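Single-structure report; data block below.
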Amino acid sequence: AGEPVCSGRQKIISMLFADAVGFSKLVESQIPVFVERFLGGVRTVMDRQTHAPLTCNTWGDGLFFTFDSVAQASDFALDLSDFVNSGNWASDGLPAEMSLRIALHAGPAFEVLDPVTRLRCFNGSHVSRAARMEPVTPPGYVYCSEAHAALVALENNAAYHCEFVGNLPFAKNYGVFPAYSLKRRAVVGVGPA
107 AGEPVCSGRQ KIISMLFADA VGFSKLVESQ IPVFVERFLG GVRTVMDRQT
157 HAPLTCNTWG DGLFFTFDSV AQASDFALDL SDFVNSGNWA SDGLPAEMSL
207 RIALHAGPAF EVLDPVTRLR CFNGSHVSRA ARMEPVTPPG YVYCSEAHAA
257 LVALENNAAY HCEFVGNLPF AKNYGVFPAY SLKRRAVVGV GPA
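In terms of this note's numbering, the sequence shown opens at residue 107 and continues consecutively.
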C-alpha cells in the first residue's frame, strides 16, 4: 500500500555530483567543523538560489543534487564553486587546500520513491554517467557533459560558457566521453569569466 515506488516514467533532469577534495585527510576532530562550515556553507548557497533543487543528498563529502533545468543546475554549481574556492578554510581549522570537484549532466532519469529511505530520488543510467564524470573533474572546476553543454547552447543562455576540454575516460571504466568546463561569461566582453 501507499505511494508507488517507481512510476516507470522518466523525466529530463539536470544532475550535479560533487566531492570535497581533501576530506579523506581530515582527522576526526575536524569532522564537526567540516559539517558546520563546509556543508553548512553548501546549505547557505542552496538557500540563496531562486529555485530549490528537486532533490539533494549527501554522504560524507559527496553531494548529489537534481534540478528541473540546466540553468538552475549551472547557477547552483557555479555559486557553490565560488563559495568553496573563495573560502579561507585554514582559518576554520580545515586544510587550506579544501576544494570541490563538481560535475553536471542532463538526461532522462526515473523519479522514484526510495523504498529504503522513503525519500524522492532519481535513478537510471544517466545518474550513473554523472557520477562517473565527477572523479575526473579537476579540483576547483565545474565540468559538464556534452548533453548539459548542448542544452545550455539550445537555451541560448548568455550567462554561461561551455569550453570543450577533451574526451575524458570516466571513472570505473565507464567509457570515454566529451567533457566541457562550465564558466560564467564575463559581464563585459565575450569570453568566459
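All C-beta atoms in this analysis are idealised placements derived from N, C-alpha and C, irrespective of residue type, glycine included.
Note that the coordinates shown come from a computational prediction; the quantities given were computed from them, not determined experimentally.
DSSP bridge partner residues for residue i (one or two, in chain order)
i: H267; result: K289
Spatial distance of residue i from residue j (CA atoms)
i: D198; j: F144; result: 9 Å
i: F173; j: A255; result: 15 Å
i: Q116; j: A196; result: 43 Å
i: A183; j: P214; result: 20 Å
i: A107; j: F123; result: Only weak support is given to the placement of A107: the predicted model assigns it a pLDDT of 48, under 50, and the value that follows is read from those uncertain coordinates. Approximately 33 Å between the Cα atoms of the pair.
i: V148; j: L186; result: 7 Å
i: I118; j: A259; result: 16 Å
i: T243; j: Y249; result: 6 Å
Identity of the residue in the options nearest residue i by Cα
i: M281; options: A237, S130 and D185; result: It is worth fixing the name first, because residue 281 is Gly in this sequence and not Met. When only C-alpha atoms are compared, the closest one is A237.
i: P241; options: L186, S120, V127 and M121; result: V127
i: F276; options: E134, R235 and A264; result: R235
i: V283; options: A209, L260, D185 and G246; result: Here residue 283 is Phe; the residue named in the question, Val, does not match the sequence. F283 has its Cα closest to that of A209, out of A209, L260, D185 and G246.
i: V201; options: T243, I137 and L225; result: Sequence check: residue 201 is Pro here, not Val. Checking every option, the nearest Cα to that of P201 belongs to I137.
i: F140; options: M152, N263, V190 and I118; result: V190
Neighbourhood of residue i by C-beta distance below 7 Å, restricted to the same chain and skipping five residues each side
i: D181; result: Q155
i: D167; result: D125, A126 and F129
i: L253; result: The sequence shown places Ala at residue 253, not Leu. If we look at A253 and ignore the five residues flanking it on each side, its Cβ neighbours are H211, A212 and G213.
Opening and closing residue of the beta strand (DSSP E) in which residue i lies
i: A209; result: S205 to L219
i: V222; result: Segment: none, V222 is in no beta strand (DSSP E) and carries neither H nor E.
i: V242; result: No beta strand (DSSP E) holds V242; DSSP gives it neither H nor E.
Limits of the unbroken alpha helix (DSSP H) element including residue i
i: F182; result: V176 to N191
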